[in-house]
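Asks: Dropping the structure in here first, questions after.
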Amino acid sequence: MPDRSKQERRWDAIVIGARCAGAATAMLLARAGARVLVVDRGAYGSDTLSTHALMRTGVALLHRWGILGAIRAAGTPAVRTTTFVYGGEEVAVEIKPGDGVDALCAPRRTVLDRALADAAMAAGAEVRYATSLEGLVRDDAGRVSGAILRSSVGQLHEEHSALVIGADGRQSTLAGLVGSRLLSATENSSAGIFGYFPGIPDRGYRWYFRPGAHMAVIPTNDGAHCVCAFVPRARYRDVVGTDAEAGHRRLVASFDPGIGEAVAGNAEIELRRYVGAPGHMRQAHGPGWALVGDAGYFKDPITAHGITDALRDAELLAEAVIRSGPDKLGPYQEARDHLSRHLFALTDEIAGFGWTFESLKELHAQLSAAMKHEHAHMMRTETPRLVA
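Under our numbering, think of the first position of the sequence shown as 7, with each following residue one higher.
Following this line, the structure appears as structure tokens:
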């Protein structure tokens with residue numbers, strides 16, 4: 007049975023998940039004076055599978071929140087060029103300064119998530135690691151009014167709150183407990199292999215495409231590049247085979263022999279697999295609860311927009327709570343859906359690998375336009391209490 011000894015303490019928000027979406031949401035709410043509890047089943051500063059790449063909106067939000075300096079101080083390289091390689095054709099795009107952003111960046115999650123969690127704690131949020139969500143507390147009307155948590159030593163206890171926020175990832179426990187409706191799902195999915203390799207020249211973000219495959223080369227911390235190779239999920243075994251390391255080397259070398267040599271020369275590097283999953287857009291809020299990050303909206307990593315989504319939606323949710331309270335979150339879902347629908351559909355089409363190089367260029371042009379629209383929306387006059 008849960009220990010009810012802490013029932014008398016009521017939080018304004020309990021956030022399930024202390025990675026980028028949850029930590030950012032908690033930080034923003036705490037800066038506005040909210041009493042916030044954050045829990046995460048993992049450990050402080052731990053790593054997770056990621057493409058790491060931040061788009062302009064994500065970097066601009068980190069700048070606005072006063073976090074970007076810590077990211078750069080951790081040795082995260084500045085990215086001033088992004089290059090698309092369509093077969094043998096290279097298209098380079100220079101990053102233009104604006105809104106406090108003179109470069110993009112791709113921090114390791116050990117850097118980004120830690121910086122956001124530190125900022126949340128500095129703002130007054132309480133963060134508990136090795137703690138998981140086991141159930142919900144509801145009032146007589148059925149409204150969510152708290153969470154049943156399992157501590158690091160296995161003890162169950164209740165915490166009461168005006169709002170419980172699920173930032174617990176694609177397979178969100180909170181989404182399942184509240185029965186969040188599936189609003190939309192994608193048809194396509196990539197699968198891939200990720201690794202971190204030294205000795206690759208830094209030329210900014212590089213996105214390589216050829217029929218049936220994609221490679222991303224992303225400069226990140228500690229002098230390494232994240233090298234990700236993707237194929238259609240249904241063809242992963244046929245293309246990669248049973249030896250992930252050999253399959254990764256073959257794919258990388260087929261795109262860029264020079265990078266292939268760097269990868270082959272670091273055989274001791276541990277690779278990570280992404281097995282693929284359909285995208286989803288879920289109902290984002292209900293009585294006493296809300297979802298943010300992948301818990302509410304997930305799309306294929308082939309467009310490397312997930313962290314930017316998470317930071318964007320953290321601000322949208324925090325802004326809605328601060329302006330109108332925990333029971334009037336309709337504007338949050340409306341803004342999230344408005345900004346996400348086109349990105350969601352375009353990502354699904356790119357992840358289907360049914361494009362030609364010319365049609366892919368058009369999809370990327372539309373993706374760029376959607377990201378510019380997103381950026382313009384997020385750079386409007388912000389809620390003053392959300393700024394560092």
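Cβ atoms here follow ideal geometry from the backbone N, Cα and C, with glycine treated the same way. Values in this document were obtained by computation on a predicted structure and should not be read as measured data.
(1) To the nearest angstrom, how far is the alpha carbon of V150 from that of V327?
(2) What would DSSP say about Y211, mapped onto helix, strand or coil?
(3) When DSSP labels each residue in this structure, what does E164 get in the three-state scheme?
(4) Please state whether DSSP places S52 in a helix, a strand or coil.
(5) How is S11 classed by DSSP in three states: helix, strand or coil?
(6) Anyone know if the C-beta pair for W17 and H166 falls short of 8 angstroms?
(7) Restricting to runs no shorter than 3 residues, where is the beta strand (DSSP E) found entirely within the stretch 283–317?
(8) So L2 and A341 are in contact, right, with Cβ under 8 angstroms, and what is the actual spacing, rounded?
(9) Looking at the structure shown, is W17 part of a helix, part of a strand, or coil, going by DSSP?
(10) Tell me, to the nearest whole angstrom, how far the beta carbon of F359 is from that of P238; I am working on the premise that it is less than 8 angstroms.
(11) For a test of the three-state rule: what should DSSP assign to P337, helix, strand or coil?
(12) Taking E267 as the reference, give the member of Y280, L34, E132, A252 with the closest Cα.
(13) Do the CB positions of S178 and L297 come within less than 8 angstroms of each other?
(14) Considering only DSSP beta bridges, list what L43 is partnered with.
(15) Assuming T283 and Y242 form a contact by the criterion Cβ under 8 angstroms, report the distance between their Cβ atoms to the nearest whole angstrom.
(16) With A126 and A29 assumed to form a contact (beta carbons below 8 angstroms), what rounded beta-carbon distance in angstroms separates them?
Replies: Well, looking at it:
(1) 16 angstroms
(2) strand
(3) strand
(4) coil
(5) Note that S11 scores 48 on pLDDT, short of 50, meaning its location in the model is unreliable; the coordinates nonetheless yield the value given after this. If DSSP states are grouped into helix, strand and coil, S11 belongs with coil.
(6) yes
(7) 286–288, 295–297
(8) Any answer about residue 2 is impossible in this case: the structure gives the chain only from 7 up to 394.
(9) strand
(10) 5 angstroms
(11) helix
(12) A252
(13) yes
(14) I20, E132
(15) In the sequence as displayed, the identity of residue 283 is Ala instead of Thr. That belief does not hold up - the Cβ atoms of A283 and Y242 are roughly 13 angstroms apart, past 8 angstroms.
(16) 5 angstroms
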